[in-house]
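Numbering (my numbering), first residue to last: 117 to 472.
Just below is one structure, and these are the notes that go with it.
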Ligand SMILES: *Cc1c(COP(=O)(O)O)cnc(C)c1O
């Protein structure tokens, strides 16, 4: 039986993505060859890359003047590639979690870093709101969804300086105004594809201003010029990404995904708040992630934590254990998760309450 998959990443992918990728591994478009064993320069694979870039642009309504890249090295490589290419004197960062703080660590290698605000003192359980972005910063970096803590910046903010966003775990979860951003990046393994490919959406005109030599592979311009084919791209993850993008289009695009994501989040947070055994980790509703729902056992029932996890496991649920830095539980309810799996979790929580 297929499990209810709440893993945070790598994580659930649509059946459409998995079936079609499996088929292409066995026999790619009737070529009598696997997608794993053909040249990335073949016209068949070049068409996959082109279509994936095109669909990225159409699904997110990306304006003229931006490039979409498929790179390697994960979001973690972007932590250094962003400052390498964009930081000339000073950059501003919002510290909303351990991914953000890893990005800050790398940026410090390249120049002055102004951490405008941090919620570290409360284990990142909220998004800081009162901060000032210095007008002379080369860019302002945010992490829109904090996968570990379950907080999310759910609107496109006005930064006053070029805005850079790590959207690893919420890309395609809602409509975006890409024109508000100068660069958006993320690892694919949360809402797009298996791990191995990293997406970057970059405004072409911001490049070439950092005033330092950049190694070829770490220079965005290289990958723009060569259409993400400077070196061998991760062909299977790129193909899987294309299939996920097709699936999004079939579902009605990001507006439809957003509507369903809001329904799923409301159903689950509603039960966490109602159920006497549980409390949400994030107190301010406005900051609650619609992708990663974090919750803990109520003080009076702390001793039931392990029991709940094994009860949920017996109901076919996987990946619910919270990150060690937060404890408790985390239900990742990415785009590909059907509302029936969220309902199954809610039913499990109700049944567990009745047993206790
Ligand atoms: C998972 C994740 C990362 C790390 O991605 P890698 O591809 O493993 O480097 C970075 N930022 C966020 C927000 C994430 O969720």
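Even for Gly, the Cβ is constructed at its ideal location relative to N, Cα and C.
- A direct Cα-Cα distance of roughly 23 Å separates residue 182 from residue 312.
- When C-beta atoms of the stretch 317-326 are compared with those of the stretch 297-304, three or more pairs fall below 8 Å, so the two segments count as touching.
- When rounded, the separation of the alpha-carbon atoms in residue 413 and residue 149 is 52 Å.
- For residue 236, the closest of 267, 252, 225, 251 by C-alpha to C-alpha distance is 267.
- Residue environment: residue 152 is assigned as exposed (fewer than 16 neighbouring CB atoms within 10 Å of its CB, all protein chains considered).
- DSSP places residue 282 in the strand class (E or B) of the three-state scheme.
- Ligand 1 has no heavy atom closer than 8 Å to the beta-carbon of residue 335.
- Residues of the same chain with a CB within less than 6 Å of the CB of residue 334, apart from the 5 flanking positions on each side, are 197, 200 in chain order.
- Under the Cβ criterion (8 Å, minimum of three pairs), the stretch 397-412 does not count as touching the stretch 152-169.
- If you draw a straight line from the Cα of residue 471 to the Cα of residue 446, it is about 22 Å long.
- Per the DSSP secondary-structure output, residue 435 pairs with nothing in a beta bridge.
- Here the stretch 238-245 does not lie against the stretch 371-380, with fewer than 3 beta-carbon pairs under 8 Å apart.
- In the assembly as shown, residue 364 is a buried residue. Its beta-carbon has 16 or more other beta-carbons within 10 Å.
- The three-state reading of DSSP puts residue 348 in coil, since its state is none of H, G, I, E or B.
- Segment contact: the stretch 132-142 against the stretch 345-356, three or more CB-CB distances shorter than 8 Å; contact assigned.
- DSSP assignment within the stretch 214-284 yields the following whole alpha helix (DSSP H) runs of 4 residues or more, N-terminal first: 214-223.
- Of the residues 441, 273, 224, 290, the one whose Cα lies closest to the Cα of residue 243 is 273.
- For residue 408, the enclosing beta strand (DSSP E) starts and ends at 408-413.
- Taking a C-beta distance under 9 Å as the contact criterion, residue 431 and residue 410 do not qualify as a contact pair.
- About 15 Å separates the beta carbon of residue 253 from that of residue 281, a gap too long to meet the 8 Å contact definition.
- For secondary structure counted as the beta strand (DSSP E) over 3 or more consecutive residues, the stretch 151-198 holds these complete runs in sequence order: 182-187.
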